[in-house]
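Residue numbers (our numbering), protein chains in the order written: chain A, 239 to 655; chain B, 239 to 655; chain C, 239 to 655; chain D, 239 to 655.
As C-alpha cells, the structure follows; a few thoughts come after it.
Number of protein chains: 4
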Amino acid sequence: MPDVVFKVDQSKSMWHQEAPGHNRWHPDIPAVAQVRPGDEFRVECREWTDGQIKNSDSANDVRDVVLDRCHVLSGPIAVEGAEPGDLLVVDILDLGAVPQEVGPAAGQGWGYTGVFAKDNGGGFLTDSFPNALKAIWDFHGQQATSRHLPGIRYTGITHPGLFGTAPSAELLARWNERERALISTNPDRVPPLALPPNTNEVLAGRLRQGSSEFDRVANEGARTVPAREQGGNHDIKNFTRGSRVFYPVFVPGGNLSGGDLHFSQGDGEITFCGAIEMGGYIDFAVDLVKGGMEKYGITRNPVFMPGNVEPRYSEFMSFIGVSVDHESNTNYYMDATVAYRNACLNAIDYLKQFGYTGEQAYLLLGSAPLEGRISGIVDIPNACCSLYLPTEIFDFDVRPGAEGPAKADRGQVATTS
Amino acid sequence: MPDVVFKVDQSKSMWHQEAPGHNRWHPDIPAVAQVRPGDEFRVECREWTDGQIKNSDSANDVRDVVLDRCHVLSGPIAVEGAEPGDLLVVDILDLGAVPQEVGPAAGQGWGYTGVFAKDNGGGFLTDSFPNALKAIWDFHGQQATSRHLPGIRYTGITHPGLFGTAPSAELLARWNERERALISTNPDRVPPLALPPNTNEVLAGRLRQGSSEFDRVANEGARTVPAREQGGNHDIKNFTRGSRVFYPVFVPGGNLSGGDLHFSQGDGEITFCGAIEMGGYIDFAVDLVKGGMEKYGITRNPVFMPGNVEPRYSEFMSFIGVSVDHESNTNYYMDATVAYRNACLNAIDYLKQFGYTGEQAYLLLGSAPLEGRISGIVDIPNACCSLYLPTEIFDFDVRPGAEGPAKADRGQVATTS
Amino acid sequence: MPDVVFKVDQSKSMWHQEAPGHNRWHPDIPAVAQVRPGDEFRVECREWTDGQIKNSDSANDVRDVVLDRCHVLSGPIAVEGAEPGDLLVVDILDLGAVPQEVGPAAGQGWGYTGVFAKDNGGGFLTDSFPNALKAIWDFHGQQATSRHLPGIRYTGITHPGLFGTAPSAELLARWNERERALISTNPDRVPPLALPPNTNEVLAGRLRQGSSEFDRVANEGARTVPAREQGGNHDIKNFTRGSRVFYPVFVPGGNLSGGDLHFSQGDGEITFCGAIEMGGYIDFAVDLVKGGMEKYGITRNPVFMPGNVEPRYSEFMSFIGVSVDHESNTNYYMDATVAYRNACLNAIDYLKQFGYTGEQAYLLLGSAPLEGRISGIVDIPNACCSLYLPTEIFDFDVRPGAEGPAKADRGQVATTS
Amino acid sequence: MPDVVFKVDQSKSMWHQEAPGHNRWHPDIPAVAQVRPGDEFRVECREWTDGQIKNSDSANDVRDVVLDRCHVLSGPIAVEGAEPGDLLVVDILDLGAVPQEVGPAAGQGWGYTGVFAKDNGGGFLTDSFPNALKAIWDFHGQQATSRHLPGIRYTGITHPGLFGTAPSAELLARWNERERALISTNPDRVPPLALPPNTNEVLAGRLRQGSSEFDRVANEGARTVPAREQGGNHDIKNFTRGSRVFYPVFVPGGNLSGGDLHFSQGDGEITFCGAIEMGGYIDFAVDLVKGGMEKYGITRNPVFMPGNVEPRYSEFMSFIGVSVDHESNTNYYMDATVAYRNACLNAIDYLKQFGYTGEQAYLLLGSAPLEGRISGIVDIPNACCSLYLPTEIFDFDVRPGAEGPAKADRGQVATTS
C-alpha cells in the first residue's frame, strides 16, 4: 500500500480531521501535502456530503441535505515542479470503499443513490420525480445489491466523481463572471441555474475561519458542483482503475484535490445525489509533461485514457430518445439533453412493465453501469441519444418477447415521510 | 443468401430501378414487397444521396449536393399480420458494401465522409468549418483507409443509418405541426432549423408523378433527415450485425423502409454528410410482438439490442467537453450538445498537434469507431460529455508523453475549388 | 471486392475447376497465380472434402468419406520476391461462405459438423463415440442454427482451418521421415497414428496425371491433415477477419495454399470432421519481411496476430479436466491431451442433464465458439485444462441452480443407417 | 468488509498462527470455522511456500526451497448443511494482496515469479532452463512491474491458485493408489513423476503432532500440488473476482480450504514456482445446491463461471506450437503438452530478438496475463496449441515489421550464486 498523504477518520466530519480538506475551489487554499513526480500515494476520502446521508429506509436525510457543505474534498496535494502550462499526469492505480471496516459512514460496506427534492437541487428528471428518493446498496466485493431494488446485482465501475487541479485567480474570476451571468438570466429559478460563491459552511483546509485568507476563499471560492477547465466534478464513470488523466496546471504545484468516490454510476449520473456514493481511498501515481498544455493543445479541459478493467457485458437493452417533448409535441433543435432525458424516460417506462416503480427505475439508471451515448447530433431538428442497459444485471429475463414482461411486485425505494 | 425483396442496380438512380424506393415518410406510399414473420430476406440499398458524391479529390459535389433528393430509401416492405400497436422485431443478420463489384457508386469498394457547406446543410462544427469537405475511404474487408487521412486504419462498425416503419396519418400530422412550429421561430436561419415537406425531387415508390396520391405524399410527406417516433435516421453506430430492433407499428403491415448504410461512423456522425457512406445490402429477419407497444411501454421510440461483433479496442484517448463557450466565456445550462461539441473541438485541437489539419480531424471524428458519451448531466450548470478515440487506429503513437507529439505533414482532405 | 486469383465453381469438383488446386504438400506443385507485396486478392475455396458431405439427415456420407481426397486446397499462389528465409505477411481482410448463392455445396447457405467413424479417421472422443455423426447448420448472417441442435444459436468466429506455404524438398523429407517413424511404432492402429504419402486421389494442380512430376508429388507429397512448420491445418479459430499471419518462406515465391473454411469452430475442433465446414471465399493482402525468419527467430512455426472482431461473450460455463482416467483410476503424467478430453467429457455429461444427447453435445463442442485453455501444466502429476462455453448461445438457462436443470427432449443429430 | 473466518498474521509462519492451516489433503483435518449458506466471509492467506522466498536479487531461496512445506492452506471451513453429493457454490467476491501493509512477506506490496531447479521440482521448460530463477514484482494497484523485467507493465488477473473441498477417505485412497502406480513406473525420475504422502513438515491444523490423528494425516494425506476431483491446485487464471465455482462435496460440511494467491498468471503457470505469488485475502460467499452432483452430472471435477472483470486487451502476438521435437525431428502423437511447450519456446525465441534473455522471457510467460489455447487436437499426428501474448504490456513495439526488432540490453532475472 502506498503512503497515505491525506488521512480520513471516517468517524469524524471533514471539519474535524487532523488535516481538513476543503469544499470550494480557490488558488489560495494551501496544499496539505507535497509529492514528487514518480511518487505513488494514497488519498482517503469522505463521502461527498460529509456523512449527511444514512443507511436507513427514509429519504428525509436526502430531502434535508445541506448542499452548501458539498463536496468535501481531500487535498490540495502539491506536485513538486508543477508549473502553469504543464500537464499533470495522474494514474489511478486503485480505489475502493473504506477498507476493513463496517460502519455508519457511506463507504463502510454500503453506499447510496439519492435524488434531491426539486426545491433543494432536483435531478435530471425532477419534473417527473420532484421528491427526495434514496436506495441503499450493499457491497459484495466488486458487486452491489440493494434491498430497495430487488432482482438486480451488478459489478461496479468504481471511480472518483471529482478530481481537479486548483484554478488560477484569473481562471476563477472567469468562472464567477460567466456563472453569475447565467444565474442573472433567471435568478429565481427552482432548481437554480447555477450556484454562486456562498459563505455558508465553507471549509478551506487549514485556513482559520475569520482570517482574511479564509474570507477571500469564502467570498470568491467556486462551488464544486460543475466540471470546469481544471477538471472538477466530471462524473465520468470511466475514470476507473488503470486510468491516466492529464490535468492542465494553472497554479504552481498544480494542487490536486478531489473525492466524491462512486462505487458505480450510470452515464449522466441522472440521480444527482448521486451514483452509488461512498467514502474510501484512491491510490495515485503522478508525473508531469512540462509545457504539455501547449505541446498537446490541451487547454480547455483535461484529457484522459480510461482503464482496461471495466466489467465486460455483452448484451444490452438500448433505449433511444430524440429531442422532442412528446407530451406537448414540441421540437427542441438538436438538443442532446432533451434527447437523453427521453431515452431515460423510455427506459423507465419499459422497466415499469416488469413491476418496478418509476422511482426504482430512476435510481437504477443513475447507478448501474449503463452507457449513455450521443448517437446522432446533426439530423435536424432531432438530436438522438441512446442508453445501453446491460441485461445481465437482472436476475430475470428483461428482454421483450411474445409472452410479455415478467411482472412482479418489486418493492419500492426509500421515500420521505 | 436470403431472397432479395428489394433489388438495386447500382448503375442506375433510385428513380430508374425496376421497383423504385422513396424519399419521404408517408402512410400512403404503397409497399413494394410483403414478407411474413419468421422470414429472412435481403434489401439492397443505394447510397443515401443516390450517387451524387463521387470518388474524386474535389468536394464540389458535396458543396452542390441536392438535399431534396435525400435519403433514397429501399422499401416499404410490409409484414403480414402487423397491426398498429404491435412491435416489429427486426434482426440485422448481415450487411455490407456492394458485394463483388468495384465501380463508381459509393459502396463499390469505397465510401466517403463529407461535410456540407454551411449554406447547404452545414454540420455539427459548421461555425468552425463552413466549407464543404470530403474524404474518400477504400475498403479492405472490414477495415478502411483513406488517401485523405494517412496514418489511419480502422475496423468499421457497419450499420444502417436509417430504418423505420411508416407513420400513421395522425403521427405524420403531429410531425409536420411541431416541425413547422420550430421553423417559424427562426424561418431564415442558415442552416435551417428543420426541413418542411417539399415537393422538389419527391420519389414515392410506384406512385406516378401527377397522380393525386403522389401529390399528397409530396405535399405532406415528412423529410427523412431526423429520427422520430417510428425510427428513421437514428445514425446509431451500434445497429450492427446481430442487432435486434423493436419498431413500433403505426400502419397495417408496418411498412419497413430504410437505407443510408454506413461502413463506419463515430457517435454523433458530426460530419452530417456523413459517416462513411455507401450503398450495399442488408439482410433481415422479422417477427412480431402482438400488442407489444403497450405490453412493453414502447411508444415514443424504438428499442434495440446491439450486436456482439463490434471491433474490440482496449485503449482510448478520451476528450472532455463542458457546456461553456470558452471563447466568449458563456455558460450554457446543462447543454449536452454544447458539451459534446467542445469535446469534439478539443479532440481536433489535439490531433492538429500531430500534423493533421482541422479538416482532417473533423472528418476522422465523423467516421471512426469512436464513442461519444453523456458523462455528467446534472452538475449545474455544466453538462459534461466525453469522446473516446481508440489509439489503435493510428499507425503512430498518439498518446501524450514527455517528448511531445510526433508531428508530420499528413496531407489534407478534398476541398472545393 | 479484390481480384479473384483462384476461382471456384461450386457446382464442380476441385478436379474439374478451370485451374484446379491440390491436396498434397510438395514444392513441385506449380503456382497457379502470382501476386505482389501490397496486393489485395480473393481466393475461392471448396469445402475441404470437395463436396462429399450433403445437407441431409443421414451421416452415411460422413461414414463413407474418402479421406484420401482431403483437403482440397486453393493455390499455390506465388508472391513476387519471396525467398526462403523471408516471412510472408498475410492479412485476412475478409472471408465468408459462398456469397449470393443457395445450393447443394457446403457453404451455400449451410455447413456441417461431422464426426468420423472410428475405423475411418475417428475423432477426439472416438472411444466414447465410435460412429459417424453429423449436424447441419443454417447460416443467418454471422449466426448459425441447426435443426439437429435445437435451442442453440451463436455468432461464428469465421476462419480458414488451413493455410500454409509450400515446404522445401528438405523440409518435406524431414516430415516424411518423422511421420513414418511414428507410424512404425504401431502400424496397425485404428485410427492410424498418422497418414503417410498415398497415391490415391492425388490432385496436384495443373500437373498431368502420368507425368513424372505428378508421380513425384503423389509419392512424396505430404498429407494435409496436420499443422507443420510451414503452417498447414492449424484449425486455430482465431485466424479470423483482421488477423495478420507471418508464414515462414521455404521456397521461392512462398507458394501460399489453403482452404478448409470454417463458419465457426470450438477450440480443438474435437469433432475432426469438423468445425462448421463450408466452401466460400477469403480475401488477403500480402507483404514480405525480408530475412524475417532469422530477424525475429520465427523458424519452427508461423506467428500471428488475431483479429479484433470476434463475438463478445461475457458469461461462460467452464469445465475442468485433469490428466486422470477416472474410470480406470489411472494417472497420466502432465498430459494436456487427456486433461482436455476430460474437460470435454465433463461438459458433455453436464449438457446431457438438460436433455441433449451425448452426440449432440459432442457436435456442439466441436463447432461453437468455445475456448479450450491450458490452465495448469506443471502441477505434477496432473495437467489441468479448461473449456469455456458461452451461456448466451443457449435459449434457456444453462447455469446450475437450486431448481435443477431444465430438462427437455432436444432431438438428436444425424446418425448412420 | 466481511467477517474474517481465517486470520493470518503475515509476520508469522503458518505453523505459528493462532489457528494454523494445513498442507495436506485429508478428511480428518478438523474444520477451523463454520459458515452458513448465504454467508459472506474473508479468508486470509499466506504465500504458498510460507515465506521461504524473499524480495531479493538472488534465486538461492528458490533453489533451496523446502517443497514438503507447500502449499500452506487456509482452512478447512465447514459449511452448515453440506453433505456428500451436494455442490458447494463459492462466489469469489474479492481478493487481493495483503491490504495496508508493506513488508517482507510476499503479498506485502510485492510478489515473485520463480522457476525451480531441475533437481528440486523443475518447471515446464526444465530441460532448457535447469537452474533456479526468480523475478520480483512490485504492485501498483492492479498493475505490476518488475526490476528484473524492464519495459513491461500489466494488469493482473488476480486469482487463487488453489481451493478445494476435502476428499473422502475413499477418494483419498484412490488418489494414493493411482499416484503410487504412476511413480512406480519410473521411481528415480528427476524431477519425480508425482509426490507421494510424506511425513516431513506436515501441518494438519489444530491436530497435535504425535497424536494418532496427526500421524494418520501425515501418513495418508495427499500432497497439494496437483488438481484433483475436489478442486485443488487448478492454477486457472480465470478464477478471478466475480467467479462462481461449483465444488463437489465429499465430506459432511464440505471443508473448503485453499490459498496460493496469484497476483497474475499466464495460462499453464509454466514457471511452476510460480505465477506472481503472494499472500493476501479472499472474500467468499457460499451456498449449496443440494444433490447437485447428480442433478448436474458434476462428479469428476468442479465447474465454474469466470468473472467479468478481466483486463481487456485487444492486440496479441500469438505463437503456435505443434507436437514435434524439432531438434530430434520426432513426432509425438496428438500431444498437447509438447505442442504448448513448443509454443512457449517459440515465444521465448521471439522475445530474445528484442534483447530479453531466455530466462526473462520464461518468467514473463509464467506470470503475464497470456492465454494458452488448445487449438487443434485431432489433426493427426500433430496437436496444435497457441499462446496469446498481449502486445500492450510492452512499452515498445513488439510486433514484427520490415525494420527488424527493437533490440536493447534489457537486464536479467535473479539467478543463483
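Ideal placement from N, C-alpha and C gives every residue a C-beta, glycine not left out.
Residue 451(C): member of the alpha helix (DSSP H) spanning 450–458, first to last residue. Closer than 8 Å at the C-beta level to chain B, one finds these residues of the segment 511–530 of chain C: 521 and 523.
Between residue 351(A) and residue 581(A), the CB-CB gap reaches or exceeds 8 Å.
By the Cβ rule, the segment 589–604 of chain B does not count as touching the segment 471–491 of chain A, because fewer than three pairs are nearer than 8 Å. Taking CB atoms only, residue 597(C) has no neighbour in chain A less than 8 Å away. Between residue 462(B) and residue 469(B) a beta carbon distance of about 11 Å is seen, past the 8 Å cut, so the two are scored as non-contacting. Within the segment 331–353 of chain B, contact with chain C at the beta-carbon level (separation under 7 Å) is assigned to 331, 332, 337, 338, 339, 340 and 347. Counting along the chain, no beta strand (DSSP E) covers residue 404(B), and no H or E run does either. Between the alpha carbons of residue 593(D) and residue 642(D) lies a gap of roughly 12 Å. Put simply, the CB of residue 550(B) is near chain D, with a gap under 8 Å to one of its CB atoms.
Comparing C-alpha distances from residue 391(A) to each of 630(A), 647(A), 646(A) and 652(A) shows the shortest one belongs to 630(A).
Within the segment 589–650 of chain C, the runs of alpha helix (DSSP H) at least 4 residues long that lie entirely inside it are, in chain order, 596–605.
Going by beta carbons, residue 585(A) and residue 560(A) fall outside the 8 Å limit.
The beta carbon of residue 547(B) sits closer than 6 Å to those of 479 and 480, all from its chain and outside the five residues before and after it, given in chain order. Chain-ordered, the chain C residues with CB closer than 7 Å to the CB of residue 553(A) read 630.
The beta carbon of residue 509(D) sits no closer than 8 Å to any beta carbon of chain A. Residue state for residue 443(C) is assigned as coil, using DSSP reduced to three classes. When DSSP states are grouped into helix, strand and coil, residue 472(C) belongs to the coil group.
For residue 380(D), the residues of chain A that pass the 9 Å Cβ criterion are 331, 332, 479, 480, 545 and 547, in the order they occur in the chain. For residue 526(B), the closest C-alpha among the options 494(B), 648(B) and 545(B) is that of 494(B). Per DSSP, residue 517(B) is not a residue of any beta strand (DSSP E), being assigned neither H nor E. In this structure residue 313(C) is in contact with residue 496(C), their Cβ atoms being roughly 6 Å apart against a cut-off of 8 Å.
Shown in chain order are the members of the segment 392–404 of chain B whose Cβ falls below 8 Å from a Cβ of chain C: 393. By the Cβ criterion, the segment 432–450 of chain A is in contact with the segment 259–266 of chain A, since at least three pairs of Cβ atoms, one from each stretch, lie closer than 8 Å. Under the three-pair Cβ rule at 8 Å, the segment 243–261 of chain C does not count as touching the segment 621–638 of chain B.
If you draw a straight line from the Cα of residue 398(D) to the Cα of residue 398(A), it comes to about 28 Å. It is roughly 9 Å from the alpha-carbon of residue 614(C) to the alpha-carbon of residue 572(C). The residue among 322(C), 534(C), 334(C) and 626(C) with its C-alpha nearest the C-alpha of residue 637(D) is 534(C).
Among the CB atoms of chain D, one or more fall inside 8 Å of the CB of residue 239(A). The three-state reading of DSSP puts residue 564(C) in coil, since its state is none of H, G, I, E or B.
Of the candidates 552(C), 401(C), 366(C) and 340(C), the residue whose Cα lies closest to the Cα of residue 484(C) is 401(C). CA-to-CA, the gap between residue 531(D) and residue 575(C) works out to about 25 Å. Within the segment 267–286 of chain A, the residues whose Cβ lies closer than 8 Å to some Cβ of chain D are 278, listed in chain order. Taking a Cβ-Cβ cut-off of 8 Å, residue 248(C) has no neighbours in chain D, whose nearest Cβ is about 25 Å from it.
Within the segment 286–349 of chain B, the runs of beta strand (DSSP E) at least 3 residues long that lie entirely inside it are, in chain order, 312–317 and 325–335. Against residue 588(A), the close residues of chain B are 534, 535, 536 and 541, in the order they occur along the chain (beta-carbon pairs closer than 8 Å).
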